[in-house]
Amino acid sequence: MRAAYIEQTGSINQIIIGELPRPKLTDSEVLVKAIAVSVNFVDTFVRAGGFKTKLTFPFVIGRDAVGTVVKVGTKVDNFKIGELVWTNSMGYDGRQGTTSEFVAVPKERLFAVPDGVDPVKLVASIHSSATAAILLCDILQVEPDHSLLVEGAAGHVGSKLVSLAKPLGLDVATTSNKRDFAKLTKQGVDSTYDYHQPISNIVETFDYIVDTSGKVDLQANLDKLKLRGQVGLITAPSTNKFTFDARQMYTSTKSIKGFVISHATLTQLQNAGHLLNKSFATGELLDDEILQLPMEQAAKAQKMLVEGQTKNQKIILKMS
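In the numbering used here, the protein residues as written are 338 to 657.
Shown next, in the form of structure tokens:
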């Protein structure tokens, strides 16, 4: 089968496009013929060796995919041949990736594509949408009638946080470029703020704050939290340096919670998958701008992502 893979971790030049044996199926796996694969920053970290995880070489790159079931293991009774399915947790922890003609996916890591949903739009969404869903529901454990500030709300994860937060009963405020205010207001955002202005200018305080860009001072965000408020960290400034008033934080019962989806539990991934499918079925979370490239340009796709050449588009590799 045709695949994009590496023989060792390293530079983008390590990515090979070539033939590999079709994966052998275990009793609890589903063989999927891939249609499209998304390209995420975490894929570049795994390829480069920056994210330490168990890999077996040759290692197929990629983690998210959508495709068609072509074969099921003897212990699989919840998927049928010909069914459209998706996955978002391959390509790490010893599991081969998805950028290949065929992918063997454990049945517990697979979800059906809701009827009528565009598979390419879906695969473009799932990484950022699952990150947002797990952060809100499992990490911050948000409660209705509380307030959330999303910083950098026009980005991939930021927009998904907004879309998911409103049905959860949250009052949502955002920071973004002014040109994005109308779009965010249409999504139901209660208050929009220009991200060029200091957070200290905002009069409101919040129960939850998520900085999607890593560009806001941590103490500035802590100052904008209510009693028992929480900051969710999904990125960090390039300096990786923080200072904050520890006494002020703990005496106000505030907390800082970090999260990366690579450390999500299987239960968290499954709960997020079911939640996302409900949104996908009603046309939600499917508004990413998409750049489609053939699988043979897997190295170019990672290079574009690393060098910031995507113009906020989600890169999708088409398998045929």
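Backbone N, C-alpha and C define an ideal beta-carbon position, used for all residues, glycine too.
Near S589, which residues of its chain fall below 8 Å by C-beta distance, leaving aside the five closest residues on each side in sequence? L562, L564, R565 and G566
What is the DSSP secondary structure of A638, reduced to helix, strand or coil? helix
Among T549, C474, Q478 and G428, whose alpha-carbon lies nearest the alpha-carbon of T511? Of the candidates T549, C474, Q478 and G428, the one whose C-alpha sits nearest the C-alpha of T511 is T549.
Selected residue, minimal CA-CA separation from K370, among G355, A441 and Y342: A441
What does a CB cutoff of less than 7 Å around S364 pick up in its chain, not counting 5 residues either side in sequence? Here the sequence assigns Asp to residue 364, which means Ser is not the residue at that position. Closer than 7 Å at the Cβ level, and outside the excluded window around D364, lie G410, T411 and K412.
Closest to K419 by C-alpha separation, out of S465, I463, A490 and I372, would be which residue? According to the sequence shown, residue 419 is Gly rather than Lys. Comparing Cα positions, the closest option is I372.
Taking Q351 as the reference, which of Y342, D482 and A467 has the closest Cα? Y342
Per DSSP, L570 forms a beta bridge with which residues? D548 and G595
Span of the beta strand (DSSP E) around L368: Where L368 is concerned, the enclosing beta strand (DSSP E) stretches over E366 to S375.
Rounded separation between M656 and R584 - CA only: 54 Å
Start and end residues, alpha helix (DSSP H) containing S466: First-last of the alpha helix (DSSP H) with S466: P456 to I471.
Please report the residue range of the beta strand (DSSP E) in which G355 lies. Counting along the chain, the beta strand (DSSP E) containing G355 begins and ends at I353 to E356.
C-beta atoms of N407 and F416 nearer than 7 Å: Here residue 407 turns out to be Val, not Asn, going by the sequence shown. Against a cut-off of 7 Å, the Cβ pair of F416 and V407 comes out as no contact.
Rounding to the nearest angstrom, what Cα-Cα distance links A557 and D625 in this structure? 30 Å
Going by C-alpha distance, which of P574, S426, Y530 and K578 is nearest V460? S426
When DSSP labels each residue in this structure, what does I476 get in the three-state scheme? helix
Please tell me whether A502 and L485 are closer than 7 Å, where the distance is taken between their beta carbons. yes
Close beta carbons around D401, own chain, < 6 Å, minus the five adjacent residues each side: S375, N425, V460, I463 and H464
Would you say the region 490-498 touches the region 516-535, given that touching needs at least three Cβ pairs under 8 Å? yes
Do you know offhand how far Q367's Cα is from F394's? In the sequence under discussion, the amino acid at residue 367 is Val, which differs from the Gln named in the question. So the alpha carbons of these two residues sit roughly 21 Å apart.
Would you mind reading off the limits of the beta strand (DSSP E) that contains G404? A402 to V409
If I follow the unbroken beta strand (DSSP E) through D508, where does it start and stop? D508 to S513
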